[in-house]
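First to last, the protein sequences are chains W and U.
Be aware that the first sequence starts at 266, since it is given in this note's numbering, and climbs by one per residue.
Be aware that the second sequence starts at 266, since it is given in this note's numbering, and climbs by one per residue.
Positions of the beta carbon are idealized from the N, C-alpha and C atoms, including for glycine.
Protein chains: 2
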Amino acid sequence: MNILEKIANELDTFSKSERKVAEVILSSPGTVIHASIAALAKEANISEPTVNRFCRRLDTKGYPDFKLHLAQSLANGTPYVNRHVDENDTAEEYTSKIFESTMANLELARKSLDTSTINRSVDLLTQANKISFFGLGASAVVAHDAQNKFFRFNVPVVYFDDILMQRMSAINSRQGDVVVVISHTGRTKSLVDVASLARENDATVIGITTAGTPLAKECNIVLSVDVAEDTDLYMPMASRIAQLTLIDCLATGFTLRRGTKFRDNLKKVKDSLRSSRFERKD
Amino acid sequence: MNILEKIANELDTFSKSERKVAEVILSSPGTVIHASIAALAKEANISEPTVNRFCRRLDTKGYPDFKLHLAQSLANGTPYVNRHVDENDTAEEYTSKIFESTMANLELARKSLDTSTINRSVDLLTQANKISFFGLGASAVVAHDAQNKFFRFNVPVVYFDDILMQRMSAINSRQGDVVVVISHTGRTKSLVDVASLARENDATVIGITTAGTPLAKECNIVLSVDVAEDTDLYMPMASRIAQLTLIDCLATGFTLRRGTKFRDNLKKVKDSLRSSRFERKD
DNA sequence: CAGAAATTATGAAATTTTATTTCATAATTA
DNA sequence: TAATTATGAAATAAAATTTCATAATTTCTG
Chain W
266 MNILEKIANE LDTFSKSERK VAEVILSSPG TVIHASIAAL AKEANISEPT VNRFCRRLDT
326 KGYPDFKLHL AQSLANGTPY VNRHVDENDT AEEYTSKIFE STMANLELAR KSLDTSTINR
386 SVDLLTQANK ISFFGLGASA VVAHDAQNKF FRFNVPVVYF DDILMQRMSA INSRQGDVVV
446 VISHTGRTKS LVDVASLARE NDATVIGITT AGTPLAKECN IVLSVDVAED TDLYMPMASR
506 IAQLTLIDCL ATGFTLRRGT KFRDNLKKVK DSLRSSRFER KD
Chain U
266 MNILEKIANE LDTFSKSERK VAEVILSSPG TVIHASIAAL AKEANISEPT VNRFCRRLDT
326 KGYPDFKLHL AQSLANGTPY VNRHVDENDT AEEYTSKIFE STMANLELAR KSLDTSTINR
386 SVDLLTQANK ISFFGLGASA VVAHDAQNKF FRFNVPVVYF DDILMQRMSA INSRQGDVVV
446 VISHTGRTKS LVDVASLARE NDATVIGITT AGTPLAKECN IVLSVDVAED TDLYMPMASR
506 IAQLTLIDCL ATGFTLRRGT KFRDNLKKVK DSLRSSRFER KD
């Protein structure tokens, strides 16, 4: 725990004098990190040894060490936490909040990811005869993006955001095909059906979804991405970004696995786009 | 700038002895913040005054102040920096790198965003008769996502990722329509044409692109999102995430502007999806 | 290009600043 | 009232900084 929070937390376990120091620190921690023990003692109207004891009580080695901890608490500015957009927020405020919670959720997602599962997925993708990406609604966007990326690798890849096409495609799949189904909730009935159809037809099914959901149970491999529950309350925001970043990882793993030759291919695709562009004049 | 980066940066402006200190610090900054000036001097095989001078050269008041800065640099764990994927990276490594640089780029994007422009864009969007999102390739994904979000608001919204449809739609636009064109490079010829067609037909054109590009010049408003140049070398990764987060901001601004009634509407859309889902049993 | 002069870098020692310990006393609680 | 705990003055210890002499390096000059 952050030492500032800790001070605020334990405020009522402190003695009278210690509380004085605590209050000075909490009221302007930024000043304290540049103050000597004498200055702080004077500011709080108590003696230097009291400040020192206060620091020790907080499990630091002494005043300098305490300042170090304090500096670290302060370093994050506002740490990347999920902050909720409020009715009266200005553009400035909600923009910051959205960016910050997106970052916080990416951090969370990264921690929750199992890299060995990513590795296995990349294995399967590199060996696939055909790759399909299926998603609905917000997850269709992720599937769309995946198609875009894998298309560049010059492998057979399709994407559908339409239930019927997904079903038809699933029914026509065969051994050696990889089907990637994407759904944050993992509870969309039709997608669960698609997954099970694909498996019945011997395709390998990779699920990008939450672990333990009905969809997850139908998949050969589950790439689960945790994000804070309530961020997607009204609109899928954080989960989608986390899924897209996961797609980046898969695509990157894919290119690495395929080696240098394939990276040249990527460059070729990129170069082929040049003529449709205005030249940069710099 | 982070003091650790600064040290790494200015490594070759240091004198011989200073470089010794720098190297010790860079090799284990975590140890240094708990070391006294004497201990650090000894470790680097130089004298204490040299350490002190080193600290001052980095614009700190002295050794204790330097340690404070160092502690702050370290507070974020590994700070979110752009780290490049390497040929021999394991899944673990490239996953971390991708997530970290995505976060770093979001941070960068947030700093570069002009919130007053966001505010104006939200203004225009709330007043639009019809909203169109156009993008090609990776930016089509962003347009697709935007359509998804704004569709929930129950406003007329379309998205096209096809040049011809975009042109036709642009030609048929009229005063009161808002056209959002999305392109990271801002140099895709056909999209620039679409933007100019839309303007000729009195639509308001909002560009989500890099400032100063040909596309930007055709737009009424430019929402520019800066990301590190080289992250999108082979595939658009970071820029796309930044653009999507920007879309989240616009959508959020939109709901806030429209007030409580509209948020109820959002909930209604969400509820209507329920029947197509498996119930959660928790 | 040698060698002197000037400049800059460095560390030993002294000084100053800062933090910590000790211990006596005050405040609080039992 | 005794026991415990909290507190600060003074002493001590530790750490950082300054001063200054010397070493290393660079620049200039013949």
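DSSP three-state assignment for residue 276/W, whether helix, strand or coil: helix
Span of the alpha helix (DSSP H), counted from its first residue to its last, around residue 504/W: 503-523
Nearest candidate by alpha-carbon position, reference residue 434/W, set 450/W, 449/W, 456/W and 418/W: 456/W
Residue 303/W burial status per 10 Å Cβ neighbour count (16 or more: buried): exposed
Inter-residue Cα distance where the pair is residue 473/U and residue 450/U: 10 Å
Element boundaries [beta strand (DSSP E), containing residue 554/W]: In the structure as shown, chain W starts at 266 and stops at 547, and residue 554/W therefore has no counterpart that could be examined.
CB of residue 492/U within 7 Å of CB of residue 374/U, strictly: yes
Cβ-based neighbour list, residue 447/W, same chain, cut-off 6 Å, excluding 5 preceding and 5 following: 400, 404, 407, 408 and 473
Cross-chain neighbours of residue 444/W in chain U, by beta carbon under 8 Å: The contacting residues do not exist; residue 444/W stays about 19 Å from chain U at best.
CB contact below 7 Å: residue 514/W versus chain U: yes
Any 3 or more C-beta pairs closer than 8 Å across the region 350-365 of chain U and the region 477-488 of chain U: no
Contact set between residue 384/W and chain U, taken where Cβ atoms lie within less than 7 Å: 356
DSSP bridge partner residues for residue 453/U (one or two, in chain order): 542/W
Cutoff 8 Å; reference residue 278/U; Cβ partners in own chain excluding five residues on either side: none
Within chain U, the residues that residue 392/W reaches when beta carbons sit closer than 7 Å: Chain U residues near residue 392/W: none, gap ~16 Å exceeds 7 Å.
The region 460-469 of chain U touching the region 414-430 of chain U, judged by at least three CB pairs closer than 8 Å: no
Distance between beta carbons of residue 503/W and residue 370/W, contact taken as under 8 Å: 4 Å
Three-state secondary structure (DSSP) of residue 422/U: strand
C-beta atoms of residue 336/U and residue 383/U nearer than 7 Å: no
Residue from 394/W, 506/W, 453/W and 482/W with nearest C-alpha to residue 439/W: 394/W
CB contact check: residue 459/W to chain U, cutoff 7 Å: no
Runs of alpha helix (DSSP H) wholly within the region 288-340 of chain U (minimum 4 residues, chain order): 294-297, 302-308, 313-322 and 328-340
Contact with chain W by residue 479/U, beta-carbon distance below 7 Å: yes
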